[in-house]
Ligand SMILES: [Zn+2]
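In the numbering used here, the protein residues as written are -3 to 309.
Okay, structure coming up:
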């Protein structure tokens, strides 16, 4: 178990860079301790394999017989050309995989709809989503998932409640979605993106929240080719005042979240998380004691205002 702190909201202004670094180092120590605990049990970290490898050491070993070493040549070339470079390593790799069979299970998405008020744009809607699954229990270790992603689910539900309570609904509909099986490969969101609810028309935007409960303020990505989203985000932040940074999303990768299947289908996306390190990401310490409730409220406000803007235009 990690250290348990009382549930007191932190003032983000008191979090200076030294404190953030201190926590990052504490996280590395916890990670190392978790790794040792798992190794003592004689098993690999099957659920997150690359963390059990020291990437650079492995790379240097692989390149022993090659003409270039990573540090002397390859790294510079990769940085210069910014694309994959293929060559013979003259190394031979033997892989052994030990796996445990997990019985098939049924996952669920949970969704709700706030109907838009304007029939002229009634076939358009905004999706607000977050995943409600977490890493669960592996090899006797429990990963509680308070930040990843009970926090995002809570913020989505709060935004949904605010839309439900509006006496005058936005022009376009709001589809609220909690996705299952994100941690096993974005399965719930992929399913929804492939099977958009019939009779609803076309989503004009998708807003995703993943890990918004720990850190300092909110950080959002926006589809690079959708300037309306960035503008809506900035207008929302003029009132919410929680945005610490934003960045264009130009593609999706292995560490993407539930916006990815929508992004890949050309739907403009906003992706919101809290700013700063997620110190207990996929660890046993991801408990409610690390969550700052003020940040959940701030993110819910920001997302509600951005969605209302996009649905009301
Ligand atoms: Zn997550």
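All C-beta atoms, glycine included, are put in the ideal place defined by N, C-alpha and C.
Checking the 7 angstroms criterion, the Cβ of residue 291 is out of range of every heavy atom belonging to ligand 1.
Across the structure, residue 201 and residue 282 are spaced so that their CA atoms are roughly 30 angstroms apart.
CA-to-CA, the gap between residue 60 and residue 85 works out to about 8 angstroms.
The beta carbons of residue 245 and residue 124 sit about 17 angstroms from each other, so the pair does not count as a contact at 8 angstroms.
The C-beta distance from residue 126 to residue 212 rounds to 20 angstroms, too long to fall under 8 angstroms, and the pair is not in contact.
Here the C-alpha atom of residue 171 lies approximately 19 angstroms from the C-alpha atom of residue 129. The Cβ atoms of residue 290 and residue 236 lie no closer than 8 angstroms to each other. Taken atom to atom, the span from the alpha-carbon of residue 152 to that of residue 167 is near 20 angstroms. The Cβ atoms of residue 210 and residue 143 lie closer than 8 angstroms to each other. Counting of Cβ neighbours within 10 angstroms places residue 190 among the exposed residues, the total staying below 16.
Neighbourhood of ligand 1, defined by CB distance below 6 angstroms to any of its heavy atoms: 127, 144, 145, 178, 206, 207, 253, in chain order. Counting along the chain, residue 214 sits inside no alpha helix (DSSP H); it lies in the beta strand (DSSP E) bounded by residues 214 to 219. Rounded to the nearest angstrom, the Cβ distance from residue 139 to residue 21 is 21 angstroms, too far for a contact under 8 angstroms.
Counted as a single uninterrupted DSSP element, the beta strand (DSSP E) harbouring residue 200 occupies residues 198 to 205. The three-state reading of DSSP puts residue 72 in helix, counting H, G and I together. For the set 82, 298, 110, the Cα lying nearest the Cα of residue 196 is the one of 110.
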